[in-house]
Amino acid sequence: LQRACMAAIDSGDLHLSTLIAQCPGDSEQRDDIAEQLALWRKEGVDSHISRQHLRLYELLSGNVDCAEPARTAANRDQIEQVEPFDVAAGLDWKRAFGLHLWYGTSFESDLREAVDSYDYAVHELRTAPPPLPTYRAGLHMGELRMRDMVKTRSYDRDHIFELIKLSVDPEHDLETALSPCNFGPSLTDYRLPWHLYMMLSQALRVRSFQDQETVVRADAGLRDGILRYSARADALTANFADQLELEGQWWTAIFVLMHLQGKQSRKKAIQRVLERCVPDASESEIDYVVDELGVPDAWIQQARAHHLRYQDERYEEFRSLVLAQQIAEAHEVATKVLVPQAIVRTDHRLVHRVLAFLSARGGAELAEWNTGGRLYVDYIACVWYLHGLLERRQTEGLDEEDEERFLSMAGTIGKIQVGLPQLLPVHSILDLSKDSTLARIQSTQLMARGQ
175 LQRACMAAID SGDLHLSTLI AQCPGDSEQR DDIAEQLALW RKEGVDSHIS
225 RQHLRLYELL SGNVDCAEPA RTAANRDQIE QVEPFDVAAG LDWKRAFGLH
275 LWYGTSFESD LREAVDSYDY AVHELRTAPP PLPTYRAGLH MGELRMRDMV
325 KTRSYDRDHI FELIKLSVDP EHDLETALSP CNFGPSLTDY RLPWHLYMML
375 SQALRVRSFQ DQETVVRADA GLRDGILRYS ARADALTANF ADQLELEGQW
425 WTAIFVLMHL QGKQSRKKAI QRVLERCVPD ASESEIDYVV DELGVPDAWI
475 QQARAHHLRY QDERYEEFRS LVLAQQIAEA HEVATKVLVP QAIVRTDHRL
525 VHRVLAFLSA RGGAELAEWN TGGRLYVDYI ACVWYLHGLL ERRQTEGLDE
575 EDEERFLSMA GTIGKIQVGL PQLLPVHSIL DLSKDSTLAR IQSTQLMARG
625 Q
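The following block contains the structure:
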């Protein structure tokens, strides 16, 4: 207003500068200006006043819509008729809304009245520009298209106007306000919508999606024991995470996915991102995810295991599964892939290393250990020690400890002969039948029975 007053003074219009200095003025002042304008229209004086001055006078009188000069003045020639004009013509929606806020309503009115006044001017009077987003306001749109768009209300609104609507209208839905097209031209840019949702719904707790359900639960991790679940909120979070992952910021996508409301869906979504991104991730990225975001290292190892299986690196897959605490899966890889191949190659040291690594980390506690890993452990023990114990037993005798050990090993031979072929691949059983190791075990069994 100060700059406007100075501009009027510089142009020599002291009367206008005096009026501007008093604006927006109270209702009495506005009524006085409106009466003066009505008198000018009646006397036909308005035709001698510039359009810009008339717009200012109409604004100062509180008229922010359309000025309709009288056409029936007796002393007015036809060529001096003043055509109706919109006070907000040529303004963008923010300035047009400002006219309704500062000049079209009284000081006692709340923001809701200014919003309703502006909305009525846009859709009913057609005297104000619609609140189009910035990227669309600069497009040259035909008058007919603009008219149809406003008539059907089928257009994207500037996110600033949507936030104003949210603040004054409890019935205005958050889904409409947070549409990506209200923020930019991309339908898949969820950056600002997600952040605004988190602020309004999770931080301030003033607005939520209409499908939100409130469930009372006793989970200690929930605030006040109340779970507020919204499928649309989770969809928004998942979409934003997908956007970040496509942009190469997979670690930030994991942070976003931590805001999913369902515990199981949150876990699965994070693990899927890890499976896709961990194999190509740097150590610093992995450290950030584990140390800063608190993602369990077991999830990292599980993601690596899935990738290693795809690469057919079964030994490294086995180690990653063990480190991921997926002991049952690691046992299956060991007993169905690694150990059978090592036995066929007579690489008994590898068999021992694999089973010892698995057993030390909980493998021996599995229900299937006795019919899986345990058979291989007994087999290796027989291969390495049984024949030697038998020879010593026949020549010099065994002490009590070795005798007990010998009898224990000899007692496992029957289980090995029955169980081992069931674990080995079919094509490996034929090879194993010709293996000297099995022949030694069988001969040892016969000798033990003979004793």
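Counting in the numbering used here, the sequence shown runs from 175 upward without gaps. A virtual CB, placed ideally from N, CA and C, is assigned to each residue, including glycine.
Taking contact to mean 3 or more Cβ pairs, one atom from each stretch, closer than 8 Å, check whether the stretch 491-498 and the stretch 529-539 are in contact. Taking 8 Å as the limit for Cβ pairs, the verdict is that the stretch 529-539 does touch the stretch 491-498.
Start-to-end residues for the alpha helix (DSSP H) that takes in PHE271: 267-276
For the candidate residues GLY278, ASP184, GLU217, whose alpha-carbon lies nearest to that of ASP205? The candidate whose alpha carbon is nearest that of ASP205 is GLY278.
Measure from the alpha carbon of SER291 to the alpha carbon of each residue in PHE281, GLU282, ALA302, then state which is nearest. Distances from the CA of SER291 to each of PHE281, GLU282, ALA302 were compared; the closest alpha carbon is that of ALA302.
Mark SER224 as exposed unless 16 or more other C-beta atoms lie within 10 angstroms of its C-beta, in which case mark it buried. exposed
Taking the beta carbon of GLY547 as the centre, do at least 16 other beta carbons fall within 10 Å, making it buried, or is it exposed? buried
According to DSSP, is ARG327 part of a helix, a strand, or is it coil? coil
Below 8 Å on the Cβ atoms is my contact criterion, and I expect ALA428 with ILE444 to pass it. Report the Cβ-Cβ distance as a whole number of Å. The sequence given here has Ile at residue 428, not Ala. Yes, ILE428 and ILE444 are in contact; Cβ-Cβ is about 6 Å, under 8 Å.
Leaving out five residues before and five after GLU202 in sequence, what residues of the same chain have Cβ atoms less than 6 Å from its Cβ? none
Who pairs with CYS451 in a beta bridge, going by DSSP? Paired residues: none, contrary to the question.
Do the stretch 255-265 and the stretch 177-189 touch if we need at least three Cβ pairs shorter than 8 Å? no
The ligand FMN heavy atom lying under 8 Å from the CB of PRO303: Summarising the ligand content, the structure contains no ligands, and the ligand FMN is consequently not present.
Do LEU370 and ARG331 count as a contact pair if the criterion is CB distance below 9 Å? Not in contact: ARG331 and LEU370 (Cβ atoms no closer than 9 Å).
Taking the alpha-carbon of ILE501 as reference, which of GLN475, PRO514, ASP293, LEU275 has the nearest alpha-carbon? Looking from the CA of ILE501, the closest CA among GLN475, PRO514, ASP293, LEU275 belongs to GLN475.
Beta-carbon within less than 6 Å of LEU188's beta-carbon, same chain only, minus the 5 sequence neighbours each way: which residues are those? none
Rounded to whole angstroms, what's the CA-CA distance from LEU606 to VAL518? Just pull it up for me. Because LEU606 carries a pLDDT of 43, less than 50, the predicted location of this residue cannot be relied on, and no value is offered for it.
Could you name the residues that DSSP lists as bridge partners for CYS240? ASP260
Where in the stretch 285-324 do unbroken runs of the alpha helix (DSSP H), each at least 4 residues long, occur, reported from the N-terminal end onward? 285-294, 308-311
Simplified DSSP assignment, three categories, for TYR462: helix
With GLU217 as the anchor, note down where its alpha helix (DSSP H) starts and where it stops. 201-217 is the span of the alpha helix (DSSP H), which, as asked, contains GLU217.
State the DSSP-derived secondary structure class of GLU506, mapped to helix, strand or coil. Collapsing the DSSP output to three states places GLU506 in a helix.
Buried or exposed for TYR553, please, with buried defined as at least 16 other CB atoms from any protein chain shown within 10 angstroms of its CB. buried
Out of PHE357, VAL380, THR362, PRO304, point me to the one whose CA is closest to SER341's CA. VAL380
Could you tell me which of CYS451, VAL463, ALA195 sits nearest to GLU421, measuring between CA atoms? Considering only CYS451, VAL463, ALA195, the residue with the shortest C-alpha distance to GLU421 is CYS451.
Report the rounded CA-to-CA distance for PHE383 versus LEU318, giving the unit in angstroms. 35 Å
So, is GLY186 buried or exposed, given that buried needs 16 or more other C-beta atoms within 10 angstroms? exposed
Using the C-alpha atoms, what's the distance from VAL513 back to TRP473? 25 Å
GLU217: buried (16+ other C-beta within 10 angstroms of its C-beta) or exposed? Its Cβ having fewer than 16 others within 10 Å, GLU217 is exposed.
Confirm, please, whether the CB-CB distance from ALA407 to SER439 is below 9 Å. no
Taking the alpha carbon of LEU448 as the reference point, which residue from TRP425, GLY537, ALA541 has its own alpha carbon closest? TRP425
So the alpha helix (DSSP H) MET373 belongs to, where does it begin and stop? Where MET373 is concerned, there is no enclosing alpha helix (DSSP H), given that its DSSP letter is neither H nor E.
Contacts around VAL430, its chain only, beta-carbon distance under 8 Å, and the 5 residues preceding and following it disregarded: TRP368, THR411, PHE414, ALA415, LEU418
In angstroms, rounded to a whole number, what distance separates the CA positions of THR192 and SER283? 26 Å
Alpha carbon to alpha carbon, what distance is there between PHE271 and ALA195? 21 Å
Below 7 Å CB to CB, which residues in the same chain sit around TRP276 once its five sequence neighbours on both sides are set aside? The residues are PRO198.
Once the 5 residues before and after LEU540 are set aside, which same chain residues still bring their CB inside 7 Å of it? Closer than 7 Å at the Cβ level, and outside the excluded window around LEU540, lie ILE501, ALA502, HIS505.
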